[in-house]
Every structure is written in C-alpha cells, then in structure tokens.
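Line by line, the protein sequences are chains F and E. For what it's worth, the numbering used here labels the leading residue of the first sequence as -11, then goes sequentially. For what it's worth, the numbering used here labels the leading residue of the second sequence as -11, then goes sequentially. Backbone N, C-alpha and C fix where the C-beta goes; we use that ideal spot for every residue, glycine too. Notes follow the structure.
Protein chains: 2
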Amino acid sequence: MKFNVFSKSGYARRGELNFLKGKVQTPAFMPVGTNGTVKALEVENLLETGSEIILGNTYHLMLRPGDELIKNFGGLHKFSNWDKPILTDSGGFQVWSLGELAKITEEGVSFQSPYDGKKCFMSPEDSMRIQANLGSDIVMVLDECTPYPAEYEQAKTSMELSLRWAKRSHAAHQSNSALFGIVQGGMYEDLRAQSLEGLEKIGFDGIAIGGLSVGEPKEEKTRILKYLAPCLPSEKPHYLMGVGKPEDIVEAVFHGIDMFDCVLPTRNARNGQLFTSYGALNIRNAPSKSSNEPIDSECRCKVCKNYSQGYLNHLDKTNEMVGSILNSFHNIYYYQNLMHEIRLSIESDSFAKFIKDFYNKRHLEVPKHLI
Amino acid sequence: MKFNVFSKSGYARRGELNFLKGKVQTPAFMPVGTNGTVKALEVENLLETGSEIILGNTYHLMLRPGDELIKNFGGLHKFSNWDKPILTDSGGFQVWSLGELAKITEEGVSFQSPYDGKKCFMSPEDSMRIQANLGSDIVMVLDECTPYPAEYEQAKTSMELSLRWAKRSHAAHQSNSALFGIVQGGMYEDLRAQSLEGLEKIGFDGIAIGGLSVGEPKEEKTRILKYLAPCLPSEKPHYLMGVGKPEDIVEAVFHGIDMFDCVLPTRNARNGQLFTSYGALNIRNAPSKSSNEPIDSECRCKVCKNYSQGYLNHLDKTNEMVGSILNSFHNIYYYQNLMHEIRLSIESDSFAKFIKDFYNKRHLEVPKHLI
C-alpha cells in the first residue's frame, strides 16, 4: 500500500491509497460488509454508489463460514466477488462487545461462539493468521477497546496491553498487506500520546483511532480528536474507527482523518432512516405516504431519480426487501457523495466553505470548534 | 393489445403480445409483483432477467397502499418504476384464499382487511374500477375460484356465478386495456366447455384457465388441460393462472398455453430452493457449503457467472438479504431462459426434442402424454 496526500485545506487532507487491487480516494468511507456482503447491496450496486473499499468483520467471518473455508475459496475477494480493496478489523471489538461472555488475558481473548456455544480463543497472532486467510488488503492489529467510562489506571493498563498486542501483531504479520496500529488510551490525552508514540516506535503503515464513539459525550470525543490530530504522522493514513454520522465525518476530516467506516447508512436504511442534504428523513412518517418527491431533490442516485417517497413508504410498510435495497443504496450513495464533495472542497482549499454550506442546509450553526 | 401467433409446433404456439407499453414474446412467464414489486428484485434486475411483463395483485394493492393513492401517482407503472406491461389479477383469488373470512354473494365478495380489520366489499364493477386505477395493461374479470374437491352441482353453481360476473366485468370495463375472461368449472369437462362458450359469447381479448393447481392430483389437472386445449380460441392468448413448476409450464405449452405466472421462483429462492437444468438444488444442503461450483454450470446469469454455491450457502445461513436477492435473480433468470428456449424450439418446430432434452437432463422419462 502506498499513500499520498495531494492537497490540504487546514488539517483536512486530500489523498489516495494505492493497492494492488485498486486505488482509494481519501477521505474515504468504507461500507461495512459484516458477513462478506454489505447488507442489502450486491456488488454491482455497491460499485454504482462509488464505494472503493469495504470493511470485513473478522469476528463474524472466522465463525461463519470460517476463515479456512474462505481461504480455500481463494480469499474474501473471490468468495464475495468484490475485487477492490478490503480492510478487515481484528475481531477484537466484536469480542469486546460480548461483555461478560468474553475474557481478556495477556495471551488473548477467550469467548463463546454465539452460534454453537463452542469455546474460542484468539491471540494477536491468531488474528493476523485469520486476516491473512481472508486475504485482507489492510489488516488491523488486535487491540482491547477501553470502555467508557474508565478510571485512569484502567485505561492505562488497557492501553499498555493493546500496545504489547500491537507489537505481537506486528511480529506475526507476514502477508504483503498493510498493517495499521490502533491508538487507545480512553479519554486521557497523555495515555493517547503514549499509545501513539508506542505504535510509531513499532512502525505501522497507518494509524487508527479506536475507543471513540463508545458512549462518551460528544465533547469528549471532540477533545481527544482535536488533541490527537496534530500528533498523527502526516505521511500515514489516519483512520477513525466506527465513525459515524455525516456531521461526525465532517468534523473528523477537519481534524485530518482520512478513513471512516460505519454501519449507520445501511442499518438506518433498513429502519427507514434516510440521509439527505437537509438532514435525516424518516420514510415511515405520514408525510412521505402521499409524497411524489424523491428522498433528496439534490441527490443524483438512481433511487432519487426513479422512486418517490410514497413508493418507498409503501415498500417499508409492506416489509418488502426492495425497500431495504433502495434505502440502503441511497444511504451509501449519500455517504459516498458526501466524501466526494469533501474531497473536491479540499482540492480547491475551500473545506471551510463546505462546512458552512453543510450546516446551512440543515439550518444549523457551524459549531465553534470547526470555524 | 394485439396478439399474433408466428409459428406452431404441435399445439405449442410461438407468438407476440403487443401493447402500447411494449412487446411480450410468448410463451411468456410473468414474475409476480404482489405489493408493487417483485420480491427481492429491483426493476433493473428484473429487466436483466429478460422479464417483459409482470403481474400485480389487485387485492394487496387495493388494501396497501390503496388503488386511489396509486392512481394519484399516475398508476402502478409510474409508482413502481416498471414501464413495461403489467397484468393485474381481479383480487378474487386472494379473497377466496381467506376462506371463512370471506363471504361470496351474487353481488360480489365481502371480506375483512387483514391489516386493519376494516370490512371491505368488492363487486365485479369495483374490480374493474380498481384495476383501471392501477393502470393495468391486462385486466382480469372477477371470478370465483371453485375449490377442490367440489361436487358437480357446487362446481356448476360457482361456474355460472363466475360467468355472470364475467358479463358484469365486461360491461363495466371502460379502459383501453385488454380484458381476459377466466374459464372455471372445476374438474368437470362439460362445465369447463360451458364456461368457455359463455366467455366467448361475451367476447374477451384473451382466455385464462382458472381453478387449476388448487390441490387436485396432477392427473386431474392434465386431463382438464388436455380437454380444454383444442377448444381454446386460436386467435387469442391462453393464460394458465398460477402455474407453475418448470415441468408444469412445459406440459402446458405442449397443450397450447401462452402465458404463465407463479410465485414459485421468488418464494423458493428465499427458502434456498434453486432451479437448474438438472432439477432443483437446495443451497442449504451440506454439499453446497464447500462447493466452488455455480448453481447451474449451464446457466449464463450473473449469479452463476460470479458466485459459488459456497458463497450462496453462507449468505443463506447468515440470513443475508443479498442471498435472497441473488437466489431470486437466478430463479427468475432460469424461468425466463426456460421460456426463451421453449420459444426457440417452437420456432424451429422442435418442441418435442426440447421436451426430450428437458427430461433427459433430469434423468427422467418423458411422460407418455407429452410424446
């Protein structure tokens, strides 16, 4: 993987990731393909939204259908017919989300498979082997996500474990794929700095920020992001994991983030929550029923071109799969178009104007820390 | 609507239906779009399968979202973005399927909406008005489906009611769309003949056969079909309602049927039942899990080109919507390709050879009545 930054607008960066499997324009949004497919969107549709890279969930895939099986099919790209880049997470976050069903030791994580109750164990070395079996283009180190809230000592212990795991991940990583480290440290700036310093010493191809959007107030997230931004190595891609809403992405780009992933556009789509230039639209609400208007009159996606809110409201009410398909298409298209417009504005050094327009259309004031 | 028969092979006919909204090659298969969408297939996909006409269910659409609402959107074509021909059923069959929740009188059918419990009533005149609101290209008369088994007197009474309703439907039909009559009469040949004669006296644009595939043994269906075949008016399209499996379609084409509809390909797809040249394949079964083979090595659809059984097995096991999408696409493509090959064989007067090959590939003997 090669990474180049072409232009900047403030901290915001316009770049390109270069893989054997293709190029990815940054800032980039990665739709989440939990089970080897982005929910409700077949590959053709996904390409049509402008998606250039997707995320695969190691935890889900190692359990079903199993990473060895996927390896036998020639890797996740061949298995799923997606031949552009894939980033895989380490599986750690999903295990961590199991709560009491998971046990974390120095050696790694133990947990029960929710499918067959089988006891499973994953070390940093296992995670590297599994992600290699999947044939990932960007491999993530195994880390422990620090919960919120966490006392200083707890956050410190957790961050230090993640750092030791990062070292073991790095040592075990043998494929040609890129390997990203993950900054932890909870809401403590000095711990975040130590984590980043430790990762930089080991040497990774990219730096991810983990342990945000885990329940903390928005101000806390902003504070950590703002603190970390100037410290991130400028020659490497910066990836903010699991983020987020359109406004969160805009904020993070402002702070110099290059990569994002989030289940929000697809999950919300299935619940009738649609993203528009003017804010969110709930297609289930009464006004949509008789509306011949598209979801978003400014959107140029095929759904907005061909279908009314009334039709989508009807599909939602009748639980028709095509409703989820069209809603998901629109939401992912919205996200990709948002990234496209962000990139254009950085190229022309007018990201500040982009932010102003973004908030104006929503009839909201631009938050002070983004001015 | 105009209908031309180009060529024949035995009773089998190769023709074309001509509508303002486009041409339909016959014998034709119509995917079922119950709620104004074929389940799991957006319009683009449906076109890619070669579908030229779809069926809309009047009963479902009149209740949700309501035919007046659809009329306000410019009709079902505009509402659903399908701009090729649409055939709508009368709503009678679905009401009849409600069993004890429906009451049939001379005037029409009374029933309770399963959605809000509201009392509904539909007369033949209502059905015509509703189908006109939907903007259907082929309107079906309201009929009563005779149950199986039925005593002679019951079947006679029911058939005669259907005939009176056919007359009222014909009188009330005012749009430019085609209107089809429906032959009833249960398993009694003389009643079937009387029904057909009565319909011909009224004068319809096409003749449908109803009241088959309602639970009778296969031999009974074959007997009625064989009996009716030579009696059907040769200048009009013949439509066998709600049929069926690939072998049922082949048999009916042999007897001179031109049009079919059935939920089987889409419903089975959602349950992992896939159609192939060699018979049915259950993608849920163990052998598919590790198979890198396509569903059907002879099929040229995009699913068979791009995806393995192993991947589809995985999508099915993880309940991923994309599994239903890909399975539905393949099954509808299979049906449309079956119709395409049937049409080619009739053109070259080799339908008998087609039937032989069809059964040979399944390692089955050709049924005697098809030789």
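(request) May I ask you to report which of helix, strand or coil DSSP gives I42/E? (result) strand
(message) One question on the structure: do S98/E and K91/E come within less than 7 Å of each other, judged by their Cβ atoms?
(response) yes
(request) Step through the CB atoms of chain E and report whether any lies within less than 7 Å of the CB of P53/F. (result) yes
(message) Nearer than 6 Å: is that true of the beta carbon of H357/E relative to any heavy atom of the ligand FMN?
(response) The ligand content of the structure shown is nil, which means the ligand FMN is not present either.
(message) With a threshold of 8 Å, are at least 3 pairs of Cβ atoms found where one atom belongs to the stretch 325 to 332 of chain E and the other to the stretch 62 to 71 of chain F?
(response) no
(message) Across the stretch 232 to 243 of chain F and the stretch 293 to 313 of chain F, are there enough close Cβ pairs to call them in contact, namely three or more that are closer than 8 Å?
(response) Result no; under three Cβ-Cβ pairs closer than 8 Å.
(message) Please report whether the beta-carbon of F61/E lies at a distance below 7 Å from any beta-carbon of chain F.
(response) Chain F contact via Cβ: present.
(message) Strictly by DSSP, which residues pair up with H226/E?
(response) I195/E
(message) Buried or exposed, going by whether 16 or more other CB atoms sit within 10 Å of the CB of R152/E?
(response) So R152/E ends up on the exposed side.
(message) If you follow the beta strand (DSSP E) that K11/F is in, where does it begin and where does it stop?
(response) G10 to T14
(request) Return the residue from the list S(-5)/E, R52/E, Y299/E and V241/E that minimises the CA-CA distance to R272/E. (result) Y299/E
(request) Please confirm whether G267/E and C250/E have their CB atoms less than 7 Å apart. (result) With contacts defined as CB atoms closer than 7 Å, G267/E and C250/E fail to qualify as a contacting pair.
(request) Pull up the DSSP beta-bridge partners for M116/F, would you. (result) Paired residues: none, contrary to the question.
(request) Quick one: measure Cβ to Cβ for V26/E and P19/E, integer angstroms, because I've assumed they're closer than 8 Å. (result) 5 Å
(request) May I ask you to report which of helix, strand or coil DSSP gives P234/E? (result) helix
(message) With DSSP as the reference, identify every bridge partner of G123/E, one or two as the case may be.
(response) Beta-bridge pairing links G123/E to no other residue.
(request) Kindly indicate which residue of L358/E, I334/E, F342/E and R350/E has the alpha-carbon position closest to the one of S(-5)/E. (result) With distances taken between Cα atoms, S(-5)/E lies closest to I334/E.
(message) Quick check: F360/E and D125/E, are their CB atoms within less than 7 Å of each other?
(response) Since the first residue shown for chain E is -11 and the last is 359, residue 360/E is missing from the structure and cannot be characterised.
(request) Measuring only between beta-carbons, confirm whether I313/E sits less than 7 Å from chain F. (result) yes
(request) Could you pull out every residue in the same chain whose Cβ sits closer than 6 Å to the Cβ of S163/E, ignoring the five residues on either side in sequence? (result) A120.
(request) Give me the Cβ distance between T306/F and D284/F, rounded to the nearest whole Å; I'm assuming they're in contact under 8 Å. (result) Wrong, their Cβ atoms sit about 23 Å apart, outside the cutoff.
(message) Using a Cβ-Cβ cutoff of less than 7 Å, which residues in the same chain neighbour G244/F once the five nearest sequence positions on both sides are dropped?
(response) Answer for G244/F: Y(-1), A0, R1, A217, L220 and H226, listed in chain order.
(request) Please classify H351/E: is it buried, with 16 or more other beta-carbons within 10 angstroms of its beta-carbon, or exposed? (result) exposed
(request) Please go through the same chain and pick out, in chain order, the residues whose beta-carbon is closer than 7 Å to the beta-carbon of L358/E, but skip the five residues on each side of it. (result) Excluding sequence neighbours, L358/E sits near E239, F242 and I343.
(request) Under 7 Å between beta-carbons, which chain F residues line up against E308/E? List them in chain order, please. (result) N23, T25 and K27
(message) When you compare the CB positions of S101/F and V127/F, do they come within less than 7 Å of one another, or not?
(response) no
(request) Output the boundary residues of the alpha helix (DSSP H) element that contains D249/E. (result) Run containing D249/E: none in the alpha helix (DSSP H); it sits in the beta strand (DSSP E), M247 to C250.
(request) Take E113/E and list the residues in its own chain whose beta-carbon comes closer than 6 Å to its own, dropping the five residues that flank it on each side. (result) A160
(request) Kindly provide the ranges of any alpha helix (DSSP H) runs that are 4 or more residues long and lie completely inside the stretch 50 to 105 of chain F, ordered along the chain. (result) 55 to 60, 64 to 68 and 80 to 85
(message) Using only the alpha-carbon positions, how far apart do D380/F and L49/F sit?
(response) Since the displayed chain F opens at -11 and closes at 359, residue 380/F lies outside it and no answer follows.
(request) Note down, one range per segment and in chain order, each beta strand (DSSP E) of at least 3 residues found wholly within the stretch 151 to 204 of chain F. (result) 166 to 171 and 194 to 197
(message) Can you tell me which residues form a DSSP beta bridge with A268/F?
(response) F263/F
(request) Measure from the alpha carbon of K290/F to the alpha carbon of each residue in E4/E, E32/E, S201/E and K9/E, then state which is nearest. (result) When the alpha-carbon of K290/F is set against those of E4/E, E32/E, S201/E and K9/E, the nearest one is in E32/E.
(message) Helix, strand or coil, according to DSSP, for E286/F in the structure here?
(response) coil
(message) At a CB distance below 7 Å, what residues from the stretch 282 to 310 of chain F approach chain E? Give them in sequence order.
(response) Flagged, chain order: N294, Y295, S296, G298, Y299, H302, L303, K305, T306, E308, M309 and V310.
(request) Could you check what DSSP says for G298/E in three-state terms: helix, strand or coil? (result) helix
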